[in-house]
Amino acid sequence: MITVNHLCKSYRIAKRNPGFTAACKALFHREYEIIHALKDVSFTIGDGEMVGYIGPNGAGKSSTIKILSGILTPDAGTVYVDGRVPWKNRIEHVRQIGVVFGQRSQLWWDVPVMDSFELLKDIYSISTPQYNKSLEELTALLHLDELLRSPVRQLSLGQRMKCEIAASLLHNPRILFLDEPTIGLDAVSKLAVREFILELNQKKGTTVILTTHDMQDIEALASRIILIGKGQILMDGNIDSIKKGSATIDETVAELYHSYEVV
Amino acid sequence: MKKIISDIKLYKHYISINLRCMMQYKTSFFLSAMGQFLTSFNVFLGIFFLFQRFSKVEGFTYSQVLLCFSILLLEFSLAETFARGFDTFSEMVRQGEFDRILVRPRGEIIQVLGSNFELTRIGRMLQALVMFFYGILNSGIDWDLMKILTVFCMILGGTSLFAGLFILQAGLCFFTLEGLEIMNIFTDGAREFGKYPMAVYGRNMLFFTTFFIPYSLVQYYPLLYLLGRRASPVYTILPLAAMWFLLPSLALWKLGVRRYTSSGS
Amino acid sequence: MKKYFSFFRMRFTLGLQYRVAALAGIATQFAWGFMEVMIFAAFYRGDKNAFPMSFSATCSYIWLEQAFLAFFATWMMDNEIFDSILKGNIAYELCRPIDIYNIWFSKSVAVRLSRAVLRCFPILIVAAFLPAPYGLAKPESCLHFCLFILTLVLGLLVTAAFCMLIYILTFYTISPQGLRILFTSAADFFSGGVIPLPFFPEPLQNVIELLPFASMQNVSLRIYSGSMGPDKMEKAILLQLFWLVTLIFTGKILCRRAEKKITVQGG
C-alpha cells in the first residue's frame, strides 16, 4: 500500500540573532541553518494496516505525513502510495486519501454540519448515491443523527471531532491520516473516537496512519508502531514486544526516547 | 469544459455557504455594511466640500470627479467582495489552513476564492451606484452604445486589476508574512486616491499608472473618452488591457505555491 | 506612576520587535501624504484665491497628520480592551487595586505614544527635506512651536479620552460594533482627518470648531504653521482643556456606574 524508501528532507531556516544590530545585519546578509527533518527514512505499510507513527516534537512526524499526503516534495527518496507518487500528481492523489488535522477544523463554524458535508460532496465530486451510502454508513457508525443538524459552534469538542473524521471519510478514501485525533477530548469522547477508528479499520479495511502524543491511543489502536526521532526511524515493530514487565505504555515510550537520546 | 462547469457549480456552493454563515449574524452584517458605507461617504463629503470652494480640478468638474470616483469604488468593492480570500490570505497561511486546501482535489485558486465571500462591501457598492447615476446625469455625456460598452469594460478591467493586486499580495505571503501592509498603498491607496482622475497627480504618476500598475487604463483614459475629449474607439476596449496585470500576479502565486510545497512553510 | 512608566516601556519594546511592520507603515504613511499633497496642489493650481490657508501650511498640515497618525486616529482602538469587556475578562481587572479608568486611559495613551514615536521621525525628516512648498515647512516661530507641542499633547489626551467613552459605552449598548462605527467615522471626518477643517464651508466651520472632534488634531496641526490667529489660538486651547476635562469627567462617571452594574450583576 505504502512504500517509502530512503526519504530525505532538509529545510533552510534563516538564523535569527537577538538584538538590534543583528536585525540590521540580517537585512543585508542572512545566515542560514540547515535542518535535516528526515534522514534516510524507509518503511512499508500494508493494505488495511493500522500504524502508530510516534516521536517527540520536531522529530519529523509532520514532514512525513505532509510528504505522504502530497503537500510536501522531498529532497530525495521514493514514495509510492497505492502506486502513486504523492507530490507528482497531487490532485489525483488526494482524491484517494483522507486527512484529519486534530487541531484545525474543516467544518464551517456557523452552519449545520450537514451543510459542510454537502460542500465536501461538491469539492470531491462525489456522486449522489455514493454520497448517500457513505453518509448513511458513517452516521450509523458514529451516531451522528442528532449532530448533523446543529451548527458546529454548538457541538462539544468530542462531537466535533466525530464530525471532522466523518467529513474526511465522505469520499470513501482507502487511506486515512489522523494527526492527533484525540487531542483535548474528554474520556468518553476519546473512547468513542478510538472505537470508531478501530471499527473503520476492521469493517472497511481502511489503512490508518496515526500520529499522536497520547500513548493510550497507540495502545488501543495500533498493533504496530513506527518510532521516529531526529529524522530517523528508530524502531519499527510491535509495542508489546518491548514492554518490560509491568511498565505502562507511557513508561515504555519514555524509556525508548531516553535510550535513543531523542529528547 | 466539464471542469469549468463543475468549478462554477462549486463556487456557487461556496457563495451559498458563506451567505448562510453570514445570515447567522444579521446585525453584524448590517453594521459592517454601514461601516463600509460611512467610510466612503466621508470621502465623498470631502470631495463635496472641496467643490463648494473650487469649481474645477485639472479641468474636471464635480460631477465628473464623482463619476470617476464611483466607477473606481465599484470596481474595488467588487474585487474585495469576490477576492476577499486572497486579501486575507496571510491569516490562512499563518493558521496552517493552506495545508487543508492542498489535501483537497481541487485547484487552490477556486478554494481560496470560495473561502471568503464578503458581501458587506455592498455598503460601498450602493454608494458607488448612487454617485454613478448622479455623475452620468450631470457630467454632460452624450451616451451611445460605445460609451455604455466602455463603462462595462472599465468595470471588468478594474475589478480584474484589483483582484490581481489581491492575488499578488497573497502570493507574497508565501515568501514573507512581515511588512505586507505595504501592499495597502496599491489597494486601499488606489481606492482612496483613485477618486480623482490620475492626471491630477502629475505626469510621472500617469506614466507609472499606465505601464506598471495600470490604474489609468481603467480610470483616466476611458474617462476622457466618456467625456468626449478623446474620439478613438480604441478607448472602449483599452480598460481590458489592464487585465494583463493578472498574469504576473498569477505567476507569482504559482511560484509561491511551488515554494510552499518544497519548504512546507 | 512607576507602574504606568514600566507599562509604557514594555509597549515600546514590543513595538520595536515589529520593525518591518513599522517600516511598511512608514512607507504607507509617506505615500498617503504624498498623494494628499498632490491633490491639494492640483486644487491650488486651479484657484489660488479659494485657498483658506497658505499652500505651504496645508502641506505641513498633511505631513504632520501622517507623522502623528497614531496620536489621533480614533479608529486605531485597543481590541484588548474591547475583548476584555465583551468576554468578561474585566472581572479580573476589577479585582486589582487600581482604578480601571486610569489604567485603560494610560494604556491607550502609551500605545498611541509608542506607535507614533517609532514612526514619526522618518516621515518628519523626509518631509522636511522636500522642496518648498510641498514639504514640511519650519514652524512659524519658536512660540508657535512650543504651543504646537502643548496642543499636540492636549489633542492626544482628548483623543484618548474620547476613545475611552466608546469603550465604556460598550457596557451600555447591545451593539458595540455599531456604536464604534458611528463614532469613529464621525470623529474621522469632523476632526479634519479627511480634509482640514479650514476647507469646510464657512457657516459649518463655526459650529464644527466647537465640537470635541476639533480639539483633536485640528488645533496643533494648524498652530504649527501659523494658520490660526492669536485670539483664535487662545480660544482653541481653552476649548481643548474644556473638552479634556468634560470627556474625562463623563467617562469616569459612566465607568463608575458600569463597575457597579458589573459587581451587582456578576458580570
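For the protein sequence lines, the chains are W, V and L, in the order given. Taking this note's numbering, the leading residue of the first sequence gets 1, the next gets one more, and so forth. Taking this note's numbering, the leading residue of the second sequence gets 1, the next gets one more, and so forth. Taking this note's numbering, the leading residue of the third sequence gets 1, the next gets one more, and so forth. Glycine included, each C-beta is placed from N, C-alpha and C at the ideal position. Fair warning: this is a prediction, and the values are worked out from it, not measured in the lab.
Requested in this report: Would you list, in chain order, the members of the stretch 9 to 32 of chain V that have their beta-carbon closer than 9 Å to a beta-carbon of chain L?
Outcome: T27, S28, F30, L31, S32
Report task. Would you be able to state if there are at least three C-beta pairs under 8 Å between the stretch 165 to 183 of chain V and the stretch 78 to 96 of chain V? Result -> yes
Query raised in the report: Residues of chain V with CB under 7 Å from L/A57, in chain order?
Result: None at all; the shortest Cβ gap to chain V is about 16 Å.
Query raised in the report: By Cβ distance, which residues of its chain are closer than 6 Å to W/I239, with the 5 residues on each side in sequence left out?
Result: Within the same chain, W/I239 has close Cβ partners I225.
**Report entry** Contiguous alpha helix (DSSP H) assignments of at least 4 residues, all confined to the stretch 44 to 100 of chain V
**Finding:** 62 to 87, 89 to 94
Query raised in the report: Mapping DSSP to helix, strand and coil, what is L/K87?
Result: coil
Query raised in the report: Closest Cβ-Cβ distance between V/F162 and chain L: below 8 Å?
Result: no
Query raised in the report: Under three-state DSSP, which class holds W/K39?
Result: strand
Query raised in the report: At a cut of 8 Å, does the stretch 175 to 194 of chain V reach the stretch 21 to 36 of chain L through at least three beta carbon pairs?
Result: yes
Query - W/N5 - containing beta strand (DSSP E), residue span - result: 2 to 14
Report task. Could you tell me whether the stretch 129 to 144 of chain V touches the stretch 48 to 63 of chain V, using the rule of 3 or more Cβ pairs below 8 Å? Result -> At 8 Å Cβ cutoff, the stretches touch.
Report task. Anything in chain L within Cβ reach of V/L193, meaning under 7 Å, just list it in chain order. Result -> For clarity, residue 193 of chain V is Phe in the given sequence; the question names Leu instead. Per Cβ cutoff of 7 Å: M35.
Query raised in the report: Between the stretch 101 to 112 of chain V and the stretch 31 to 39 of chain V, are three or more C-beta pairs nearer than 8 Å?
Result: no
**Report entry** Selection from L/Y61, L/L156, L/N79, L/L147 that minimises the alpha carbon distance to L/L113
**Finding:** For the residues L/Y61, L/L156, L/N79, L/L147, the minimum Cα distance to L/L113 belongs to L/L156.
**Report entry** Residues, ordered as in the chain, of the stretch 99 to 110 of chain V that lie near chain W by beta-carbon distance below 9 Å
**Finding:** D99, R100, L102, V103, R104, P105, R106, G107
Query raised in the report: What residues in the stretch 58 to 82 of chain W bring their beta carbon closer than 8 Å to a beta carbon of chain V?
Result: Residues passing the 8 Å Cβ filter: S63, K66, S69, G70, I71, L72, T73.
Query raised in the report: For the 8 Å Cβ check, are there 3 or more pairs between the stretch 101 to 108 of chain W and the stretch 30 to 45 of chain W?
Result: no
Report task. For V/Q304, count neighbouring Cβ atoms within 10 angstroms of its own Cβ and tell me buried if that reaches 16, exposed if not. Result -> Residue 304 of chain V lies beyond the stretch modelled for chain V, which goes from 1 to 265, so this question has no answer here.
Query raised in the report: Can you tell me whether DSSP reads L/Y340 as helix, strand or coil?
Result: Nothing in the structure corresponds to residue 340 of chain L, since chain L is present only between 1 and 267.
Query raised in the report: W/G70 and W/V41: beta carbons closer than 8 Å?
Result: no
Requested in this report: Report buried or exposed for L/G192, applying the criterion of at least 16 other Cβ atoms within 10 angstroms of its Cβ.
Outcome: buried
Query raised in the report: When DSSP labels each residue in this structure, what does V/Q169 get in the three-state scheme?
Result: helix
Requested in this report: Counting only runs of 3+ residues fully inside the stretch 179 to 263 of chain W, write out the beta strand (DSSP E) ranges in chain order.
Outcome: 207 to 211, 224 to 229, 232 to 238
Query - Closest residue to W/L198 among W/L221, W/S134, W/P173, W/L191 (Cα-Cα distance) - result: W/L221
Query raised in the report: Using the rule of at least 16 other Cβ atoms within 10 Å of the residue's Cβ for burial, across every protein chain shown, is V/I232 buried or exposed?
Result: Checking the displayed sequence, the identity of residue 232 of chain V turns out to be Ser instead of Ile. Taking all protein chains in view, the Cβ of V/S232 is surrounded by fewer than 16 other Cβ atoms within 10 Å, so the residue is classified as exposed.
Query raised in the report: At a CB-CB cut-off below 7 Å, which residues of chain L make contact with V/G171?
Result: In chain order: nothing, as chain L lies at least about 17 Å away.
Query raised in the report: Is the distance from the Cβ of L/A160 to the Cβ of L/L124 below 8 Å?
Result: Taking C-beta atoms as the reference points, L/A160 and L/L124 fail to come closer than 8 Å.
Query - Close-in-space but distant-in-sequence residues of the same chain around L/G267 (CB under 6 Å, 5 per side omitted) - result: Any reading at L/G267 is ruled out, since the residue's pLDDT is 44, under 50, leaving its predicted position unreliable.
**Report entry** Proximal residues to W/K230 (C-beta, below 7 Å), its chain only, five neighbours per side dropped
**Finding:** Taking W/K230 as the centre and dropping the five residues before and after it, the same chain places the C-beta of A59, V262 closer than 7 Å to its C-beta, in chain order.
Query raised in the report: Just how far apart, CA to CA, sit W/N132 and W/R149?
Result: 16 Å
**Report entry** Identity of the residues DSSP links to W/M50 by a beta bridge
**Finding:** Looking at the DSSP assignment, W/M50 forms a beta bridge with W/V208.
Query raised in the report: Is the stretch 246 to 259 of chain L touching the stretch 166 to 178 of chain L, taking contact as three or more C-beta pairs under 8 Å?
Result: Because the criterion of three Cβ pairs below 8 Å is met, the stretch 246 to 259 of chain L and the stretch 166 to 178 of chain L touch.
Report task. Below 7 Å between beta carbons is the criterion; list the residues of the stretch 63 to 81 of chain L that meet it against any residue of chain V, in chain order. Result -> none
Query raised in the report: Between the stretch 193 to 207 of chain V and the stretch 218 to 232 of chain V, do at least 3 Cβ pairs fall closer than 8 Å?
Result: The answer is yes - the stretch 218 to 232 of chain V touches the stretch 193 to 207 of chain V, with three or more Cβ pairs under 8 Å.
Query raised in the report: Would V/V43 count as contacting chain L if we go by Cβ distances under 8 Å?
Result: yes
Query raised in the report: Leaving out the 5 sequence neighbours to the left and right, which residues in its chain are closer than 6 Å to V/F117 when beta-carbon positions are compared?
Result: I15, N18
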